[in-house]
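Asker: Sharing a structure here in structure tokens format.
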DNA sequence: GTACAAGCTGAAACGCGTTTCAGAGCAAGC
DNA sequence: GCTTGCTCTGAAACGCGTTTCAGCTTGTAC
């Protein structure tokens, strides 16, 4: 627990000199540098990160705000973030919100209290208007569309992405298409619904299945689907996990994919491949990486960045 | 950016009094308390967490060390950790190691530099001997077996757990059993191999498939399996994800489960259910919660805890 | 011989909240 | 009347690394 002053005393130099040695400042004579280094070794000096943080005002930490840490949908984002953070010697404080507004606020309060240098928000229920009030306390980057110009954003445009997916289904000859959403009122779900009505002639409210978030939900969907009078011939999911849950249960119930119903996933999680799931791959790892970089750069005076990435179709056997 | 001294000046009291108001200390007259509160409101005071941290010596943070943040196997652990952390107003700093020793060391160095109050290690390649050298800097809790008595541990005993799984297969009439491991030399894999040789009469080296970590690996395994001359009639996996990857590909290649080969998973991830996967459920969320509690309690002077939890069989259609 | 730059050094201030300690005022107990 | 104890208050020290600024020495340029 020796501190910098102990070292200074032991080496018979000033604390400034010790600090200079630690930070490899050139203006230290070889002799004193050596004395300091010896003292540090002898006393087992370890720099106190808390003091450093208070002194410099930089925490080397970002908070990552996301609804569920164990939802595989966020896995690739987080992976990209983690990799980027490592290269810049940054730490990630994970904050699980479960879509609760108070939790989102608590997470962004870390910014206010200087507990983190910036915030990366993967999904949120908070309005951008409210989010903007936190902007004065540090950079914020989101993975969603519609951010105001003060907030960095790297995302896929879910309207275009969904449009692309619907066209894949159309090209495969499907006209009667249903869509599966997570929360109906999230910005991305709203964009998806718009794309659905714009793109699909036979689109109808009854074929929008919303509230499906997990693979378990996907399993349940089979019953909901089978109980429909008029069924769509193809389903476009907004998560591979939900799609897989559906596939598994469908097989058990004798529903043949893609003959009875085609299935198109969304996100491109590796496990989809094992089951031959057709999907629209979203470059989530790239997004994670770019979100980190945006936040980092903005912190060092860089501009707000807003980037929109595109999805690509990964063919499988379910369409 | 007003600080406590600005408030004191504004309210015409000492900084001590301001601090007392902030911390709800009783010995403050109503009049001064009000003056201070008014000053805080007027100047928009926000407590600086960094200063608090330096002053109290407590960071309110634990580092969570795990190989891959996006590997679903760790999802439930992390979920349990996050929930417990929330109740104690603690933050989790996630550290992804990719099983690299230098990364594990860097993570535990946070402890040395007082950047976190404790460490929770979900998986590690570091020896317990080395880990013990970090113990002086704060509490450590691991999710693995074999920890020395200075290190808290909440885990499933993989020997017993694997034994239980092998008996499930035996009871279903399987004699020729193969096992699938992640890294062959990890402590849990070693325990699993021991259980395998102890429990299965026809056990053989060739039927130990190791190096299978992801669903993609599980998919690959089908080829490896099919190219065996003498094939086992049942496979016991050590991860549901790998098992699912196998199931998906097996179906595509016309390998019928469980007629041609039975499949038993391990961990109990929800998505397994959708595919009717038989599995041994590991109480990972409970473990996460308990690991947090152990670390927290130890920090406040509590004892080291070592707990072993058991797995339960979840029947499915693949055995 | 003078000026200016570069190398080296350390005292003091800074970031900011908490805690200790000393002291004043006042009421209750004997 | 005196002791004891509680309420209230603030100065100063503490946690600890960085940065600014002033000052000294030595070297180089003209």
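Residue numbers (my numbering), protein chains in the order written: chain A, 1 to 319; chain B, 320 to 638.
For each residue, glycine too, the CB sits at the ideal point set by N, CA and C.
All of these numbers come straight from a predicted model, not from anything done at the bench.
#1: In the DSSP assignment, find the alpha helix (DSSP H) that holds residue 599 of chain B and state where it starts and stops.
#2: Rank A:261, A:210 and A:248 by C-alpha distance to the C-alpha of residue 238 of chain A and give the top, closest one.
#3: Candidates A:245, A:175 and A:45: which alpha carbon is nearest residue 2 of chain A's?
#4: When you check each C-beta in the segment 378-395 of chain B against every C-beta of chain A, which residues fall closer than 9 Å?
#5: At the level of alpha carbons, what is the spacing between residue 639 of chain B and residue 378 of chain B?
#6: Ordered along the chain, which non-local residues of its own chain (more than five positions away) have a Cβ less than 8 Å from that of residue 482 of chain B?
#7: Please name the residue, chosen from A:248, A:169, A:205 and A:40, that lies closest to residue 220 of chain A on a Cα-to-Cα basis.
#8: Whole-angstrom Cβ separation of residue 480 of chain B and residue 396 of chain B, contact assumed at under 8 Å?
#9: Please check if any C-beta of chain B sits within less than 9 Å of the C-beta of residue 275 of chain A.
#10: Just to confirm, is the Cβ distance from residue 594 of chain B to residue 244 of chain A under 9 Å?
#11: Which residues, taken in chain order from the segment 359-372 of chain B, show a beta carbon closer than 9 Å to some beta carbon of chain A?
#12: Opposite residue 181 of chain A in the DSSP bridges: which residues?
#13: Between which two residues does the alpha helix (DSSP H) carrying residue 36 of chain A extend?
#14: Are residue 61 of chain A and residue 91 of chain A touching if we call contact CB-CB under 9 Å?
#15: Quick one: give me the first and last residue of the alpha helix (DSSP H) that residue 404 of chain B is part of.
#16: For the alpha helix (DSSP H) holding residue 198 of chain A, just list the boundary residues, first then last.
#17: Does the distance from the CB of residue 426 of chain B to the CB of residue 384 of chain B come in under 9 Å?
#18: Would a C-beta distance cut-off of 9 Å place residue 551 of chain B and residue 637 of chain B closer than the cut-off?
#19: Reducing DSSP to helix, strand and coil, say where residue 265 of chain A ends up.
#20: Could you tell me whether the Cβ atoms of residue 598 of chain B and residue 537 of chain B are closer together than 9 Å?
#21: Please check if any C-beta of chain A sits within less than 9 Å of the C-beta of residue 322 of chain B.
#22: Throw me the rounded Cβ distance for the residue 627 of chain B and residue 474 of chain B pair, which I believe falls under 8 Å.
#23: Drop a sphere of 10 angstroms on the beta-carbon of residue 79 of chain A, count the other beta-carbons inside from all chains shown, and report buried for 16 or more, exposed for fewer.
#24: I'd like to confirm the pairing. Which residues does DSSP put opposite residue 140 of chain A in its beta bridges?
#25: So which residues of chain B does residue 82 of chain A contact, with C-beta pairs closer than 8 Å?
#26: Assuming residue 429 of chain B contacts residue 435 of chain B (C-beta within less than 8 Å), just tell me the rounded distance between them.
#27: Could you work out which residue in A:286, A:181 and A:20 is closest to residue 241 of chain A when comparing CA atoms only?
#28: So does the segment 520-535 of chain B actually touch the segment 485-503 of chain B, counting three or more Cβ pairs closer than 8 Å?
#29: Tell me, to the nearest whole angstrom, how far the beta carbon of residue 468 of chain B is from that of residue 623 of chain B; I am working on the premise that it is less than 8 Å.
#30: Using 10 angstroms around the beta-carbon of residue 16 of chain A, count the other beta-carbons present and answer buried if the total reaches 16, otherwise exposed.
#31: Does residue 218 of chain A come within less than 9 Å of chain B when only Cβ atoms are used?
Answerer: In this structure, then:
#1: Residue mapping note: residue 599 of chain B aligns to position 280 of the second chain, counting from 1. Per DSSP, residue 599 of chain B is not a residue of any alpha helix (DSSP H); the beta strand (DSSP E) it occupies stretches across 597-600.
#2: Residue 238 of chain A sits at position 238 when you count from the first residue of the first chain. It is A:210 whose Cα lies nearest to the Cα of residue 238 of chain A.
#3: Numbered from 1 along the first chain, position 2 holds the residue referred to as residue 2 of chain A. Measuring C-alpha to C-alpha distances from residue 2 of chain A to each of A:245, A:175 and A:45 identifies A:45 as the nearest.
#4: The segment 378-395 of chain B vs chain A, Cβ under 9 Å: 378, 379, 380, 382, 383, 387, 388, 389, 390, 391, 393, 394 and 395.
#5: The question about residue 639 of chain B has no answer here: the residues shown for chain B are numbered 320 through 638.
#6: In the second chain, the residue the question calls residue 482 of chain B occupies position 163. Cβ neighbours of residue 482 of chain B beyond the five flanking positions: 514, 517 and 518.
#7: Residue numbering aside, residue 220 of chain A sits at position 220 when the first chain is read from its first letter. Per the Cα distances, A:248.
#8: For this step, residue 480 of chain B is matched to residue 161 along the second chain. For this step, residue 396 of chain B is matched to residue 77 along the second chain. Contact flag wrong, Cβ pair sits at about 15 Å.
#9: Within the first chain, numbered from 1, the residue matching residue 275 of chain A stands at position 275. Closer than 9 Å to some Cβ of chain B, the Cβ of residue 275 of chain A qualifies, so yes.
#10: As a working mapping, residue 594 of chain B is identified with position 275 in the second chain. As a working mapping, residue 244 of chain A is identified with position 244 in the first chain. Yes.
#11: From the segment 359-372 of chain B, only 365, 366, 367, 368, 369, 370, 371 and 372 have a Cβ closer than 9 Å to chain A.
#12: On the first chain, residue 181 of chain A is found 181 positions in, with the first residue counted as 1. Bridge partners of residue 181 of chain A: A:210.
#13: Taking the first chain and counting its residues from 1, the one referred to as residue 36 of chain A is at position 36. Per DSSP, residue 36 of chain A belongs to the alpha helix (DSSP H) from 30-43.
#14: On the first chain, residue 61 of chain A is found 61 positions in, with the first residue counted as 1. On the first chain, residue 91 of chain A is found 91 positions in, with the first residue counted as 1. The Cβ atoms of residue 61 of chain A and residue 91 of chain A sit closer than 9 Å to each other.
#15: Numbered from 1 along the second chain, position 85 holds the residue referred to as residue 404 of chain B. Under the DSSP assignment, residue 404 of chain B falls in the alpha helix (DSSP H) whose first and last residues are 394-406.
#16: Residue numbering aside, residue 198 of chain A sits at position 198 when the first chain is read from its first letter. Residues 187-199.
#17: On the second chain, residue 426 of chain B is found 107 positions in, with the first residue counted as 1. On the second chain, residue 384 of chain B is found 65 positions in, with the first residue counted as 1. Judged by beta-carbon spacing, residue 384 of chain B lies within the 9 Å limit of residue 426 of chain B, meaning their Cβ atoms are closer than that value.
#18: Locating residue 551 of chain B in the second chain gives position 232, counting from the first residue. Locating residue 637 of chain B in the second chain gives position 318, counting from the first residue. At the C-beta level, residue 551 of chain B and residue 637 of chain B stay beyond 9 Å of one another.
#19: Locating residue 265 of chain A in the first chain gives position 265, where the first residue counts as 1. Strand.
#20: As a first step, residue 598 of chain B must be located in the second chain, where it is residue number 279. As a first step, residue 537 of chain B must be located in the second chain, where it is residue number 218. The answer is no: Cβ separation not under 9 Å.
#21: Locating residue 322 of chain B in the second chain gives position 3, counting from the first residue. No - not a single Cβ of chain A is within 9 Å of the one on residue 322 of chain B.
#22: As a first step, residue 627 of chain B must be located in the second chain, where it is residue number 308. As a first step, residue 474 of chain B must be located in the second chain, where it is residue number 155. With 8 Å as the limit, residue 627 of chain B and residue 474 of chain B qualify as a contact, their Cβ atoms being about 6 Å apart.
#23: Reading the first chain from its first residue, position 79 is the one you call residue 79 of chain A. By the neighbour-count criterion, in which 16 or more other beta carbons inside 10 Å mark a residue as buried, residue 79 of chain A falls on the buried side.
#24: Position 140 of the first chain, counted from the first residue, corresponds to residue 140 of chain A. Residue 140 of chain A pairs with A:119.
#25: Locating residue 82 of chain A in the first chain gives position 82, counting from the first residue. The CB of residue 82 of chain A comes closer than 8 Å to the CB of 388, 413 and 415 in chain B, given here in chain order.
#26: Stepping through the second chain from its first residue, residue 429 of chain B is reached at position 110. Stepping through the second chain from its first residue, residue 435 of chain B is reached at position 116. A Cβ-Cβ distance of about 5 Å is found for the pair residue 429 of chain B and residue 435 of chain B, placing them in contact under the 8 Å criterion.
#27: Taking the first residue of the first chain as 1, we reach residue 241 of chain A at position 241. Checking every option, the nearest Cα to that of residue 241 of chain A belongs to A:181.
#28: Yes, the segment 520-535 of chain B is in contact with the segment 485-503 of chain B.
#29: Looking up residue 468 of chain B in the second chain gives position 149. Looking up residue 623 of chain B in the second chain gives position 304. Right, the Cβ-Cβ distance comes to about 6 Å (below 8 Å), so this counts as a contact.
#30: Counting from 1 along the first chain, the entry for residue 16 of chain A is found at position 16. Exposed, because fewer than 16 other Cβ atoms sit within 10 Å of the Cβ of residue 16 of chain A.
#31: Translated into positions along the first chain, residue 218 of chain A becomes position 218. Yes, residue 218 of chain A lies at the interface with chain B (some Cβ there is under 9 Å from its Cβ).
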